[in-house]
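To start, the structure under review is shown below, and the notes come after it.
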Amino acid sequence: MSRYAAMFESARADGRAPVMAWSVVGDPTPEAWLDVVDAVVSAGASALELSLAFSDPSADGPVNQDAYTRVLGKVDKHRTFALIKQVRERYPELPIGLMTYANLVYTPSPKVFYAACAAADVDSVLVADVPVHEAGIFRGVAAAHGIEVVLIAPPNAREAELKAIAEQSQGFVYLVSRAGVTGTEREAQSPLASVIGTLKQYGGPPTILGFGISRAEHVRNAIAAGADGVVIGSAFAKLVTDHVDDPAALATASAALITELRSGAGL
Amino acid sequence: MSSQITGPYFGEYGGQFVPQILVEPLRQLEKCFVDAWSDQAFREEYSTLLREYAGRPTSLTRVRNLTEGTRTRLYLKREDLLHGGAHKTNQVIGQALLTKRMGKSSIIVETGAGQHGVASAIAAALFGLKCRIYMGRVDTERQQPNVERMRLLGAEVIPVDSGSRTLKDACNEALRDWSGSYMDSHYVLGTAAGPHPYPTIVREFQRVIGDEARAQILEREGRLPDRVVACVGGGSNAIGVFTAFVPDESVELVAVEAGGHGVDTGKHGASIGKGEPGIFFGMRSRLLSDPDGQIFESHSISAGLDFPSVGPELSYLVDSGRVRCESATDDEAVGAFVALTRREGIIPALESSHALAFALKEIRSEPDREQVVVVNLSGRGDKDLATVTSYLQEKGEL
């Protein structure tokens, strides 16, 4: 069984939907980041969604871009994968996904990228600027390295697109709660029950709702709308911004955020 | 699964590398363009606006003094005479008409030198559209007159403080805005680059440059030119002047990139000559990035060429051997700027000065060759007066 499948199964058994935590690897420093990872996993984060620092994150809002900027030039790709490997060794059962941009996968070659993912025992890769009809460029090489391909389902997708996403997304579907980029400036909008329904109708994997989730109430609404879990992104990046010089406070605040959001995740 | 109506790829380049949320607005745009382009009434309205409002056709001017001592007849395609001061107006009018046709009330714009921003602000004023223009903070400072022009025309200019605070960051910001506003806003992308269908739409709206130039040179010379030369940033003026000549195999097409301090210094904008295939700004094309895939900050004295990638069709035309790719340095471009100003009485944009610099260098290296050369003078240089003046002062030449 894949780590994601195991995560959803144990979530059902516990009566609590998965709450996944996102961050940019090495933010704000490699040492502080490893402490944050330990803190959020201890607080009950179900999985990690990790981004590699990128110079031009056009699908991310300003809070996340600040996180990329903090890390860029300090933690290169080699170091990033080394850090992920360290986390994998600490948490052999924890699902770890990457969220990244196409040029980081493409350069120097997709083969090199997915081989690095496999070596770090990453479960999945989501490429933010590759929509489903272009996803063929990385599909074969991802499969050859045993890496699952996660796709995004936005609120404006047509049925034919949702069908393709349901059929091709592996592990889970990343559901976008609203138009726009990442960030908590705009709260998660109400339920995409019909998007979720269409994905299920075509046999899609479980759905994880992201973008703008920062409070327990958002998690409750997501689950009420039929999402199988949530991912918290920029709310964490904002904590880093607030506690950039105080790693201990950052770890504590991050764990507290997971605890709060999990309180809204009851099934 | 593919839903494209027109081809999204040029060889291995092009495509639609955007977040899934932008696929639907791109599809809407493509459908609107394809319908409009086969609608006689739309084309009539477009060409009437180009003629009566923008000032087409633009002149083809034979240079009188610069080619002294050579047997070259050098012609300039005078896009600097177009309303707005550059070729940008050609395609912005087209996209403004598409905006109205889609029933949208606002446009989003990115700009580097401010030429595309000014053209868009003009079109927004004409068509009663709200206009939000993203411009890197660095560019707002080095192109202040254009910022004032845009604001006078009623546009909102939003300085971008992320990343390198130049054109590429303005592009990212425009995409972010559009991700959340596509319902009532059209993104007026400024060059023949970005995700499909922009490279095709912008080429079709810019090909009027080459269509006119080809007819004009045939009338003047009774034959095709030996060479057509254009500068390349994103590539819209180059693809615009080249397209009509692509089937004419005897005509050599030369794209001149920003050599900056020199293409081996790392401070340049030579994304075709020095770049590798990569994925950025919605497309697969040639791109300047580091071994990890981080996008480089390009350098050029001309903000309009200061972009780390290039339109996919030009990448393809260079790879396939149809277009020759060259470069001109900051120094060479300023030299051509001064030469054209002093000897012909025409103040060119620094962007266009790159094309002229390279063309003159080749012409002077073969003085005895009898040949006809066309340079696309894509814009005028009023916006560059401060840049050129301080550059010449630093060099002690003024």
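As they're listed, the protein sequences go chains V and W.
Everything in the first sequence is counted per the numbering used here, starting at 8 for the first residue and increasing by one.
Everything in the second sequence is counted per the numbering used here, starting at 888 for the first residue and increasing by one.
Glycine is no exception: its CB is placed at the ideal position from the N, C-alpha and C atoms.
Remember, predicted model here, so these are calculated numbers, not experimental data.
Whole-angstrom C-beta distance between residue j and residue i, which should lie under 8 Å
{"i": "A1236 of chain W", "j": "S1265 of chain W", "result": "6 Å"}
{"i": "V1205 of chain W", "j": "A1142 of chain W", "result": "7 Å"}
{"i": "G1180 of chain W", "j": "N110 of chain V", "result": "4 Å"}
{"i": "L90 of chain V", "j": "P37 of chain V", "result": "6 Å"}
{"i": "I1250 of chain W", "j": "T957 of chain W", "result": "5 Å"}
{"i": "T248 of chain V", "j": "D63 of chain V", "result": "Not really, about 20 Å apart at Cβ, beyond 8 Å."}
{"i": "L1016 of chain W", "j": "I994 of chain W", "result": "5 Å"}
{"i": "E1200 of chain W", "j": "R1090 of chain W", "result": "7 Å"}
{"i": "G1097 of chain W", "j": "G1169 of chain W", "result": "The pair is not a contact, with the Cβ atoms about 25 Å apart (cut-off 8 Å)."}
{"i": "G178 of chain V", "j": "Y11 of chain V", "result": "4 Å"}
{"i": "S1185 of chain W", "j": "L1175 of chain W", "result": "6 Å"}
{"i": "R960 of chain W", "j": "L947 of chain W", "result": "R960 of chain W to L947 of chain W, Cβ: 11 Å. No contact."}
Residue i: first and last residue of the uninterrupted beta strand (DSSP E) it sits in
{"i": "K118 of chain V", "result": "Note, K118 of chain V: premise wrong, no beta strand (DSSP E); alpha helix (DSSP H) at P117 to A126."}
{"i": "R949 of chain W", "result": "L947 to R949"}
{"i": "I159 of chain V", "result": "L158 to A160"}
{"i": "C935 of chain W", "result": "Looking at the sequence provided, one finds Thr at residue 935 of chain W rather than Cys. Counting along the chain, T935 of chain W falls outside any beta strand (DSSP E), though it belongs to the alpha helix (DSSP H) covering Q927 to L936."}
{"i": "R1211 of chain W", "result": "V1210 to T1216"}
{"i": "Y113 of chain V", "result": "Run containing Y113 of chain V: none in the beta strand (DSSP E); it sits in the alpha helix (DSSP H), A109 to Y113."}
{"i": "M1170 of chain W", "result": "G1169 to L1174"}
{"i": "L1076 of chain W", "result": "Unbroken run through L1076 of chain W: none, as it is neither H nor E."}
{"i": "P1046 of chain W", "result": "E1043 to V1047"}
{"i": "S131 of chain V", "result": "S131 to V134"}
{"i": "R222 of chain V", "result": "Per DSSP, R222 of chain V belongs to no beta strand (DSSP E) and is neither H nor E."}
{"i": "A54 of chain V", "result": "A54 to S58"}
{"i": "V996 of chain W", "result": "S993 to T998"}
Residue nearest to residue i in terms of C-alpha spacing, selected from the options
{"i": "S1187 of chain W", "options": "W:G999, W:E1281, W:R1107 and W:L1227", "result": "W:G999"}
{"i": "A242 of chain V", "options": "V:A255, V:D252, V:A223 and V:P254", "result": "V:A223"}
{"i": "L264 of chain V", "options": "V:R19, V:A234, V:G51 and V:G22", "result": "V:G51"}
{"i": "V139 of chain V", "options": "V:V148, V:T114, V:K118 and V:A167", "result": "V:A167"}
{"i": "T87 of chain V", "options": "V:A126, V:D45, V:V70 and V:D73", "result": "V:A126"}
{"i": "P212 of chain V", "options": "V:G190, V:I230, V:G271 and V:D235", "result": "V:D235"}
{"i": "D1056 of chain W", "options": "W:S1072, W:I1234 and W:V1025", "result": "W:V1025"}
{"i": "A1079 of chain W", "options": "W:D1113, W:I1126 and W:R1110", "result": "W:I1126"}
{"i": "V910 of chain W", "options": "V:T248, V:A160 and V:D253", "result": "V:A160"}
{"i": "Y962 of chain W", "options": "W:E1043, W:V1034, W:Q1280 and W:R1107", "result": "W:R1107"}
{"i": "A258 of chain V", "options": "V:T76, V:W40 and V:Y11", "result": "V:W40"}
{"i": "R19 of chain V", "options": "V:S49, V:S53 and V:Y75", "result": "V:S53"}
{"i": "G1160 of chain W", "options": "W:G1146, W:I1166 and W:M1170", "result": "W:G1146"}
{"i": "P48 of chain V", "options": "V:R269, V:L274 and V:G273", "result": "Reading the sequence as shown, one finds Val at residue 48 of chain V and not Pro. It is V:R269 whose Cα lies nearest to the Cα of V48 of chain V."}
{"i": "A173 of chain V", "options": "V:A244, V:Y209 and V:D252", "result": "V:Y209"}
{"i": "S1196 of chain W", "options": "W:D1177, W:S1172, W:A983 and W:N1059", "result": "W:S1172"}
{"i": "L1062 of chain W", "options": "V:G143, V:G68, V:V94 and V:I144", "result": "V:G68"}
{"i": "S992 of chain W", "options": "W:C919, W:S1068 and W:S1176", "result": "W:S1068"}
{"i": "R930 of chain W", "options": "W:S1176, W:Q982 and W:R1230", "result": "W:Q982"}
{"i": "N1263 of chain W", "options": "W:P1254, W:E1139 and W:A1117", "result": "W:A1117"}
{"i": "M8 of chain V", "options": "V:V156, V:D130, V:G233 and V:V119", "result": "V:D130"}
{"i": "A232 of chain V", "options": "V:L133, V:G204 and V:A28", "result": "V:G204"}
Cross-chain neighbours of residue i in chain W, by beta carbon under 7 Å
{"i": "V137 of chain V", "result": "F904"}
{"i": "L274 of chain V", "result": "What L274 of chain V touches in chain W: nothing, since even the nearest Cβ is about 28 Å away."}
Contact list for residue i against chain V, beta-carbon separation under 7 Å
{"i": "N1059 of chain W", "result": "D63 and S65"}
{"i": "G1050 of chain W", "result": "S62 and D63"}
{"i": "K849 of chain W", "result": "Because residue 849 of chain W is not part of the residues shown, which for chain W are 888 to 1285, the question remains open."}
Neighbouring residues, chain V, relative to residue i (Cβ below 9 Å)
{"i": "G1067 of chain W", "result": "R185, A186, G187, V188 and R193"}
Extent of the continuous alpha helix (DSSP H) run through residue i
{"i": "H85 of chain V", "result": "K84 to R97"}
{"i": "E267 of chain V", "result": "P254 to R269"}
{"i": "K1017 of chain W", "result": "Unbroken run through K1017 of chain W is the beta strand (DSSP E), K1017 to G1023; no alpha helix (DSSP H)."}
{"i": "V43 of chain V", "result": "P37 to S49"}
{"i": "A1117 of chain W", "result": "Element bounds for A1117 of chain W: not the alpha helix (DSSP H) but the beta strand (DSSP E), R1114 to V1119."}
{"i": "A28 of chain V", "result": "Unbroken run through A28 of chain V is the beta strand (DSSP E), V26 to V31; no alpha helix (DSSP H)."}
Under 8 Å from the C-beta of residue i: neighbouring residues of chain W
{"i": "G68 of chain V", "result": "R1063"}
Within chain V, partners of residue i - CB distance below 8 Å
{"i": "D1355 of chain W", "result": "This structure cannot settle anything about residue 1355 of chain W, because the visible part of chain W is limited to 888 through 1285."}
Contact list for residue i against chain W, beta-carbon separation under 9 Å
{"i": "A164 of chain V", "result": "Q907, I908, V910 and E911"}
Beta carbon proximity, residue i to chain C, threshold 7 Å
{"i": "I230 of chain V", "result": "Absent from the structure: chain C. Protein chains present are V and W."}
Interface residues of the region 1143-1177 of chain W facing chain V [CB-CB below 9 Å]: E1163, P1164, G1165, I1166, F1167, F1168, G1169, R1171, L1174, S1176 and D1177
Residues of the region 113-129 of chain V with Cβ closer than 7 Å to any Cβ of chain W, in chain order: Y113, T114 and P115
Interfacial residues, the region 1083-1095 of chain W to chain V, with Cβ spacing under 9 Å: none
Where the region 136-161 of chain V meets chain W: residues whose CB sits under 8 Å from a CB there: D136, V137, P138, V139, H140, E141, L158, I159, A160 and P161
Against chain V: residues of the region 904-923 of chain W by CB proximity under 9 Å: Closer than 9 Å at the C-beta level to chain V, one finds these residues of the region 904-923 of chain W: F904, V905, P906, Q907, I908, L909, V910, E911, P912 and R914.
Chain W contacts from the region 70-88 of chain V (Cβ-Cβ distance under 8 Å): Q72, T76, L79, D83 and K84
Members of the region 1181-1203 of chain W that neighbour chain V once the beta carbon cut-off is set at 7 Å: Q1181 and I1182
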